[in-house]
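Asks:
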Amino acid sequence: MTAPFPTRREEDWRYADFDALRPVWEQFAELVTITVGAGESLEEIWLPIAEDVQLRRVQLALGAGARAGIFALNAAPVYGRIELEVSLEEGAEFDLYAANIGTGLSTNEVVTNVKHLEPNGRSRQTVRSVLNGKAVGSYLGKVEVAHGAQHTDGEQSVKAMLLDRGATANCKPELEIYADDVKCAHGATVGELDPLQLFYAESRGMDPATARALLLEGFIMGLWDTASEPQAICEAAREALRRVV
Amino acid sequence: MLDISNLHATVADKPILNGVTLHVPAGEVHAIMGPNGSGKSTLAYALAGRPGYAVTEGSATFTPTRHPRESGDPAEQERLGSRFRGNDEGLDLLALDPHERAAAGLFLGFQYPVEIPGVSYLQFLRESLNSQRRSRGEPDLSGAEFIKLAREQAKLLGMDAEMLKRPVNVGFSGGEKKRAEMVQMGIMNPTFAILDETDSGLDIDALRAVGAGINRIMRAPGKGVLLITHYQRLLDYVEPDRVHVLSHGKIVRSGGPELAHELEREGYAEAAA
Numbered sequence: 153m154t155a156p157f158p159t160r161r162e163e164d165w166r167y168a169d170f171d172a173l174r175p176v177w178e179q180f181a182e183l184v185t186i187t188v189g190a191g192e193s194l195e196e197i198w199l200p201i202a203e204d205v206q207l208r209r210v211q212l213a214l215g216a217g218a219r220a221g222i223f224a225l226n227a228a229p230v231y232g233r234i235e236l237e238v239s240l241e242e243g244a245e246f247d248l249y250a251a252n253i254g255t256g257l258s259t260n261e262v263v264t265n266v267k268h269l270e271p272n273g274r275s276r277q278t279v280r281s282v283l284n285g286k287a288v289g290s291y292l293g294k295v296e297v298a299h300g301a302q303h304t305d306g307e308q309s310v311k312a313m314l315l316d317r318g319a320t321a322n323c324k325p326e327l328e329i330y331a332d333d334v335k336c337a338h339g340a341t342v343g344e345l346d347p348l349q350l351f352y353a354e355s356r357g358m359d360p361a362t363a364r365a366l367l368l369e370g371f372i373m374g375l376w377d378t379a380s381e382p383q384a385i386c387e388a389a390r391e392a393l394r395r396v397v
Numbered sequence: 031m032l033d034i035s036n037l038h039a040t041v042a043d044k045p046i047l048n049g050v051t052l053h054v055p056a057g058e059v060h061a062i063m064g065p066n067g068s069g070k071s072t073l074a075y076a077l078a079g080r081p082g083y084a085v086t087e088g089s090a091t092f093t094p095t096r097h098p099r100e101s102g103d104p105a106e107q108e109r110l111g112s113r114f115r116g117n118d119e120g121l122d123l124l125a126l127d128p129h130e131r132a133a134a135g136l137f138l139g140f141q142y143p144v145e146i147p148g149v150s151y152l153q154f155l156r157e158s159l160n161s162q163r164r165s166r167g168e169p170d171l172s173g174a175e176f177i178k179l180a181r182e183q184a185k186l187l188g189m190d191a192e193m194l195k196r197p198v199n200v201g202f203s204g205g206e207k208k209r210a211e212m213v214q215m216g217i218m219n220p221t222f223a224i225l226d227e228t229d230s231g232l233d234i235d236a237l238r239a240v241g242a243g244i245n246r247i248m249r250a251p252g253k254g255v256l257l258i259t260h261y262q263r264l265l266d267y268v269e270p271d272r273v274h275v276l277s278h279g280k281i282v283r284s285g286g287p288e289l290a291h292e293l294e295r296e297g298y299a300e301a302a303a
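Residue numbers (our numbering), protein chains in the order written: chain A, 153 to 397; chain B, 31 to 303.
1) When the distance is taken between beta carbons, is B:A74 closer than 9 Å to B:I281?
2) Who are the neighbours of B:S158 on chain A, taking C-beta pairs under 8 Å?
3) Could you give the first and the last residue of the continuous alpha helix (DSSP H) run that contains B:R181?
4) Compare the C-alpha of B:P147 against each of A:A331, A:L366, A:Q302 and A:E242 and name the closest.
5) If you measure between the beta carbons of B:V50 and B:A84, is that distance less than 9 Å?
6) Going by DSSP in three states, A:D305 sits in which element: helix, strand or coil?
7) What does the Cβ neighbour count give for B:F222, buried or exposed, with the cut at 16 atoms within 10 Å?
8) Could you tell me the distance, in whole angstroms, from the CA atom of B:P143 to the CA atom of A:K286?
9) Please confirm whether A:Q383 has its beta-carbon closer than 9 Å to some beta-carbon of chain B.
10) If you pair each beta-carbon of the region 56-63 of chain B with each one of the region 248-268 of chain B, do three or more pairs fall below 8 Å?
11) For B:V54, which residues in the same chain have their Cβ closer than 7 Å to its Cβ, ignoring the five residues on either side in sequence?
12) Runs of 4 residues minimum, wholly inside the region 294-367 of chain A: which ones carry the alpha helix (DSSP H) assignment?
13) Run through the region 230-297 of chain B for me and flag every whole alpha helix (DSSP H) of 4 or more residues, listed as ranges in chain order.
14) What distance in whole Å lies between the Cβ atoms of A:S275 and A:L240, which are believed to be in contact at a cut-off of 8 Å?
15) Using the C-alpha atoms, what's the distance from B:A174 back to A:F401?
16) At what residues does the beta strand (DSSP E) containing B:T72 begin and finish?
17) Are A:V288 and A:E261 closer than 9 Å when you measure CB to CB?
18) Just the C-alpha distance for B:F202 and B:P128, rounded to the nearest angstrom, thanks.
19) Please return the same chain residues whose Cβ sits closer than 8 Å to the Cβ of B:S112, not counting the five positions on each side in sequence.
20) Taking its Cβ as the centre, do 16 or more other Cβ atoms sit within 10 Å of B:G116, making it buried, or is it exposed?
21) Just checking A:L314 against the ligand ATP - is the residue's beta carbon closer than 8 Å to any of the ligand's heavy atoms?
22) Quick check on A:I329 - is its C-beta less than 9 Å from some C-beta in chain B?
23) If you follow the beta strand (DSSP E) that A:Y167 is part of, which residue opens it and which one closes it?
24) Got a sec? Which residues, its chain only, sit under 6 Å from A:V342 by beta carbon, not counting five neighbours each side?
25) Apart from the five residues on each side of it in sequence, which residues of its chain come closer than 7 Å, Cβ to Cβ, to B:L47?
26) Whose C-alpha, out of A:A172, A:L292, A:A301 and A:G293, is nearest the C-alpha of A:K335?
27) For a test of the three-state rule: what should DSSP assign to B:E300, helix, strand or coil?
28) Given a cut-off of 9 Å on the beta-carbon distance, is the pair A:A251 and A:V279 in contact?
29) What are the uninterrupted segments assigned as beta strand (DSSP E) that are 3 or more residues long and contained completely in the region 193-272 of chain A, given in chain order?
30) Going by the beta-carbon positions, is the gap between A:L214 and A:G254 smaller than 9 Å?
31) According to DSSP, which residues form a beta bridge with A:I186?
32) Taking only beta-carbon atoms, is A:M373 less than 9 Å away from chain B?
33) Please confirm if B:Q183 has its CB atom under 9 Å from at least one CB of chain A.
34) Short check: CB of A:N265 to CB of A:L236, under 9 Å?
35) Closest Cβ-Cβ distance between A:P325 and chain B: below 9 Å?
36) Does the region 180-196 of chain B come close enough to the region 205-213 of chain B to have 3 or more Cβ pairs within less than 8 Å?
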């Protein structure tokens, strides 16, 4: 049985493109479940597929001491959604590095719910968006720390670059904490390239346009620095940037 | 080679430089010393053209060994033409954009080299060098030629060339960043270098390597250096022709290399009084 079609009343779907979603819902609605056993580790690289609408719904369960690193590029021409529900048992570690790259009327979103069920877990979510035209890029991320999940370390870092006045970035980091000894940081910025980085590049001889293009590439490419096999996602991200910038 | 006359500059509307006059002839290394807050870094940034460092009065004329009008590219000459001083002798440095100053042969060694995640050092430097070369009407270096040059320069500075594959300055120690600045200088091979506290944060071995690098790359008849430093230490390795003391945004004393020793002995308050 297919999951019921979402409605706009649901917070997690408020920026979604329902017209684009409806025809593919039956095909993609079911959650894919991935389990990483105690002490094991997993690295996943999620590349875009050649479809206008791309939907990926994943449930990730991390056992005690398990580690997972997800590298995801969300760059659908019409609507892309990466939905990730993660549960962490004692001492588990979760890293998400995701990019939304869009132009035209596209909507790309990363929606996460990271549940720290037991103590000493660590989660780090890093999301970067580059948006041009009238594109929308969103991050809706919730970190839940269960009662007793002490010494949880949760971090959300979200940054977006808007290259056109018509582009939109939505960013909603959310914390729900039921333990009293935890560290949960979140930061979000929407805006401009770092002026000091620009000056550094220009002082070395790059004209402003070249410096901007290089820094914008770095803004996204920095996400893949820790991937063990980054070539494919680097190439796909460069390709997406070329289309968008 | 570099003529600074009555330079006034403000940062966030606050006057920092209050009339700096300084002449560095080709072939010389000049040291600028001075207490914290005297305007040393502001002078470096104003000369390199950092946004936010506004020159309100005075001039800076730079005479690169290779005159941009000799580049042979009519478009480039046309573009830069009106900003040359009338006598064709030097460039009005302050009228140029930062990347044009670099292409003309000016290099700024940063006190705090900037980290750029996601951009490898090799990519950053190749893009920089080829941009400069295009501005001067020279052909791009190929990937292979560039890698060879970068490896050579890294080796000369005692830096593992593998580090150049990493993102710009990310995860580098303070000393590694300064060494990397010197590798950059070796690759760019500028005609004039302003080195802003390149010696701070260096251990003794790194200091020696950096000092040797400055001598090797910049000690030449057609080149010049402005060495900004707090301490005598670096000057043991790179002996300056002149030493100037900057205080409250003005050069208050100038002398030979012995002035640096005097400052080290007696402190700025005494020597600059």
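In this text, a Cβ means the ideal position worked out from N, Cα and C, and glycines have one as well.
Replies: The short version:
1) no
2) A353, R356, G357 and M358
3) G173 to L186
4) A:L366
5) no
6) Strand at A:D305.
7) buried
8) 36 Å
9) no
10) yes
11) When the five nearest sequence neighbours on each side are left out, the beta carbons in the same chain lying within less than 7 Å of the beta carbon of B:V54 are those of M31, L32, H60, G254 and L256, in order along the chain.
12) 347-355
13) 234-248 and 263-267
14) 7 Å
15) Residue 401 of chain A cannot be examined here, being either before or after the span of chain A that is shown, 153 to 397.
16) Taken as a continuous stretch (DSSP letters only), B:T72 belongs to no beta strand (DSSP E), being part of the alpha helix (DSSP H) at K70 to A78.
17) yes
18) 25 Å
19) Confidence at B:S112 is low in this model, with a pLDDT of 44, below 50, so its placement is unreliable and no value can be given for it.
20) Per-residue confidence for B:G116 stands at a pLDDT of 35, beneath the threshold of 50, marking its modelled position as unreliable; the derived number appears in the next sentence. Its Cβ having fewer than 16 others within 10 Å, B:G116 is exposed.
21) Judged by which ligands are present, the structure shown has none, so any question about the ligand ATP falls away.
22) no
23) Per DSSP, A:Y167 belongs to no beta strand (DSSP E) and is neither H nor E.
24) A312 and A321
25) Annotation for B:L47: L37, H38, A39, G69, T72, L73, A76 and G279 place their beta carbon closer than 7 Å to its own, counting only its chain and skipping 5 residues before and after.
26) Checking every option, the nearest Cα to that of A:K335 belongs to A:A301.
27) helix
28) In terms of Cβ geometry, A:A251 and A:V279 form a close pair [threshold 9 Å].
29) Listed in chain order, they are 193-198, 205-214, 219-226, 231-240, 245-254 and 259-268.
30) no
31) A:L212
32) Interface with chain B (9 Å Cβ-Cβ cutoff): A:M373 is included.
33) no
34) In contact: A:N265 and A:L236 (Cβ atoms closer than 9 Å).
35) no
36) yes
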